[in-house]
Amino acid sequence: MDSFADSPVEEQPTIAILVPRNLRGVDVVNALRQRGVEPIELISSTSETRAAAGALSHLLAYLAEPGNARKLAKAYEVWRRDWREQRIESRGIENREIENSEIVNSELGEGDYSTTELLNYSTALLRRMTDVENFIAPQNADDWLAGIGESEAGQVIEELIQFRVNVQRWLNAVALPIDQLVLTLAQDVFNKTSDLALAHKLALVLRQAADDHPDWRLPELTAELAVIAKNERKFIGFSDDDSGFDPERHRGRVVVATMHKAKGLEWDRVYLMSVNNYDFPSNIPGDRFIAEKWFIRGGLNLEAEALAQLKALESNNEFQWYEEGAATLRSRLDYVKERLRLFYVGITRAKRELIVTWNTGRQGDATPSLAMSELVGRRETAKDDG
Numbered sequence: 002m003d004s005f006a007d008s009p010v011e012e013q014p015t016i017a018i019l020v021p022r023n024l025r026g027v028d029v030v031n032a033l034r035q036r037g038v039e040p041i042e043l044i045s046s047t048s049e050t051r052a053a054a055g056a057l058s059h060l061l062a063y064l065a066e067p068g069n070a071r072k073l074a075k076a077y078e079v080w081r082r083d084w085r086e087q088r089i090e091s092r093g094i095e096n097r098e099i100e101n102s103e104i105v106n107s108e109l110g111e112g113d114y115s116t117t118e119l120l121n122y123s124t125a126l127l128r129r130m131t132d133v134e135n136f137i138a139p140q141n142a143d144d145w146l147a148g149i150g151e152s153e154a155g156q157v158i159e160e161l162i163q164f165r166v167n168v169q170r171w172l173n174a175v176a177l178p179i180d181q182l183v184l185t186l187a188q189d190v191f192n193k194t195s196d197l198a199l200a201h202k203l204a205l206v207l208r209q210a211a212d213d214h215p216d217w218r219l220p221e222l223t224a225e226l227a228v229i230a231k232n233e234r235k236f237i238g239f240s241d242d243d244s245g246f247d248p249e250r251h252r253g254r255v256v257v258a259t260m261h262k263a264k265g266l267e268w269d270r271v272y273l274m275s276v277n278n279y280d281f282p283s284n285i286p287g288d289r290f291i292a293e294k295w296f297i298r299g300g301l302n303l304e305a306e307a308l309a310q311l312k313a314l315e316s317n318n319e320f321q322w323y324e325e326g327a328a329t330l331r332s333r334l335d336y337v338k339e340r341l342r343l344f345y346v347g348i349t350r351a352k353r354e355l356i357v358t359w360n361t362g363r364q365g366d367a368t369p370s371l372a373m374s375e376l377v378g379r380r381e382t383a384k385d386d387g
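In my numbering, the protein residues as written are 2 to 387.
In C-alpha cells, the structure reads:
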C-alpha cells in the first residue's frame, strides 16, 4: 500500500483479500488493524452491525443480572460508547479494576477531566462497587454516591448521577416486551440513523425468538444478540457495506471478503488466502474434511449419515437400503465440487493481479490444494514454453 499511498485516489488500485470462511476473515481484519490498516469488511456481518448488536447485548446482560458490578460497568461503557471511539490518550489510568482508590485519586488530580479520563475513572469506580443496589436504588443513608461524594470530584459524581438515571429507566422498562425494551435502550445509546434502524431490526428478531420460545427470559435472549455480535450468524444491517458495495468507491482501501460474498464483484488486485487441502480438498489421500470430526468413529460425516438413514426409512424400495459410510463418501464429492467452483469464483475476481496463498493449518500438515498446484504448474509450463 505504501507504493501508491502518494498517488491520486483515482489512480490507486482496488484491492481485496478473499477468504474461504468467515472466521478466517475476522482474523485477517484483526491482523490488518494491528498493523494500522483499517479494512472494509464484507463478511457475515460488518463491524458496525456487530458493534451495535454487542452494545445492546451488554445492556441486556446487565438487566438480566442487575446486581453484577462488572456488567454495570460494561453498561456504562456502552452508554458512553461515543467517548470510547475517540482516540485513547489517558494519563496513565487504565480501564481496568483499580485496587487502591487513593492511588486513582492522586493520578486523576483536580479540575476538568477529558472524556477519556472520566470514562476510565468512572468505569473503575463502578467495577469496584460491592453493593450495586445501594447505587441504583439507595435507601436513605445507604446511598453509595453520597458515601464517596466527599472524596471524589464533582464532575465524577455528576457523571454517575446522570448514568444512574438512565439505569433506573432501563430497569423500569424490563417489564416491557423484548422488542420495546430494545428500542428503549437504543434511544439512549445510539445517535446514528443506521444504528437506530438496526436496533429496530434486532428488536424484531428478538421478538420472534421470544414468540418461538415462550420460556426464554433475558439471559437466553441476550445470547441471541451475542451470536450476532460474535459474527457467528449472518445478519444484514443498514451500513453502506451491508446495503450494497461498489469496489470503485473504495480505491486504495483493502477489502476483506469471503469468496462467496465476492461473487459479482471485481478488483484490480486480489489475494486468495488459505488455499490448502483442508479448505479446498480434492478427495485424494491425506485430505481432511471440515464436516468430519477426528473423534468420530471411521471419520463419518454424521449429518450426511443421518440424512441417509432418514431417507432409507421412508423408502419403499427394497433395494434402497442404508450403507454406513456411503453418504459420507457422496458428501465428500459434493463438497469437493463446491469448493472447486468457489476457487474458480475467487480466481475470476481479479482484473489485473492475482496472488494465491496457502497455509499449513493448525496441525501443520496441510498442503497446497490440488487445484492450486495444477494452476501453478500450468503457469510454469507456459513460462517455459514461452
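All C-beta atoms, glycine included, are put in the ideal place defined by N, C-alpha and C.
Does residue i get closer than 8 Å to chain C when you measure Cβ to Cβ?
| i | result |
| --- | --- |
| A224 | The chain inventory of the structure shown lacks chain C, comprising one protein chain alone. |
Taking only three categories from DSSP, how would you classify residue i?
| i | result |
| --- | --- |
| K384 | helix |
| A351 | strand |
| N277 | strand |
| V1 | What is shown of the chain runs 2 to 387, which leaves residue 1 out entirely. |
| V38 | coil |
| V133 | coil |
| L1 | Since the first residue shown for the chain is 2 and the last is 387, residue 1 is missing from the structure and cannot be characterised. |
| P369 | strand |
| A176 | helix |
| A154 | coil |
| N398 | Because the chain in this structure spans residues 2 to 387, residue 398 falls outside the shown range and cannot be described. |
| Q188 | helix |
| K75 | helix |
| D288 | coil |
| E221 | helix |
| I89 | For I89, the pLDDT reaches just 38, beneath the cut-off of 50, and the residue's location in the model is therefore unreliable, although a value from the coordinates is still provided. Reduced to three states, the DSSP call for I89 is coil. |
| A198 | helix |
| L283 | Just to set this straight, residue 283 is Ser in the shown sequence, not Leu. Reduced to three states, the DSSP call for S283 is coil. |
| N121 | helix |
| P215 | coil |
| G362 | coil |
Using the Cα positions of residue i and residue j, report the straight-line distance between them to the nearest angstrom.
| i | j | result |
| --- | --- | --- |
| I89 | D83 | Unreliable positioning characterises I89 in this predicted model, as indicated by a pLDDT of 38, which lies under 50. The coordinate reading is nonetheless provided below. When rounded, the distance between both Cα atoms is 12 Å. |
| A54 | D386 | 56 Å |
| V256 | P40 | 6 Å |
| V71 | R81 | According to the sequence displayed, residue 71 carries Arg and not Val. Taking the straight line joining both Cα atoms gives about 15 Å. |
| A367 | L182 | 48 Å |
| N173 | V166 | 11 Å |
| T124 | E78 | 7 Å |
| Q140 | R254 | 56 Å |
| I162 | L57 | 21 Å |
| H261 | L24 | 14 Å |
| D269 | L355 | 9 Å |
| R379 | V271 | 20 Å |
| I348 | L308 | 33 Å |
| E11 | R353 | 16 Å |
| P9 | T361 | 38 Å |
| L334 | D28 | 29 Å |
| L177 | W171 | 10 Å |
| E306 | S275 | 28 Å |
| H59 | S195 | 19 Å |
| L388 | L64 | For the chain, the structure presents residues 2 to 387; residue 388 sits outside this window and is missing. |
| A210 | L222 | 7 Å |
| V157 | D189 | 20 Å |
| F164 | A292 | 48 Å |
| A138 | K75 | 19 Å |
| E134 | L126 | 15 Å |
| A445 | R250 | The chain is shown only over 2 to 387; residue 445 falls outside these bounds and no answer can be derived. |
| E304 | E339 | 17 Å |
| D216 | A52 | 28 Å |
Is residue i buried or exposed, if buried means 16 or more other CB atoms sit within 10 Å of its CB?
| i | result |
| --- | --- |
| F191 | buried |
| V132 | Sequence inspection shows Asp at residue 132; the Val mentioned does not correspond to that position. Exposed, since its Cβ has fewer than 16 Cβ neighbours within 10 Å. |
| I179 | buried |
| R331 | exposed |
| S26 | Position check: residue 26 holds Gly in this sequence, whereas Ser was assumed. Buried is the call here. |
| N101 | Note that N101 scores a pLDDT of 38, beneath 50, so its modelled location is shaky and nothing firm can be said. |
| Y345 | exposed |
| T15 | buried |
| K264 | exposed |
| P21 | buried |
| P248 | buried |
| L273 | buried |
| E118 | buried |
| V400 | The structure shown does not extend to residue 400, since the chain spans only 2 to 387, so no value can be given for it. |
| E159 | exposed |
Answer yes or no: the CB of residue i versus the heavy atoms of the ligand NAD, is any distance below 7 Å?
| i | result |
| --- | --- |
| T124 | Ligands are entirely absent from the displayed structure, and the ligand NAD is therefore not among its contents. |
For residue i, which residues does DSSP report across the bridge?
| i | result |
| --- | --- |
| I16 | V255, R270 |
| I356 | Y272 |
Given 8 Å as the limit, is there contact between the stretch 16 to 35 and the stretch 369 to 387, that is, 3 or more CB pairs closer than that? no
Touching by the beta-carbon criterion (3+ pairs, under 8 Å), the stretch 315 to 326 and the stretch 214 to 233: A contact between stretches requires three or more CB pairs, one per stretch, nearer than 8 Å, and the stretch 315 to 326 fails this requirement with the stretch 214 to 233.
Quick test of the definition: if touching needs 3 or more C-beta pairs under 8 Å, does the stretch 322 to 329 touch the stretch 281 to 289? no
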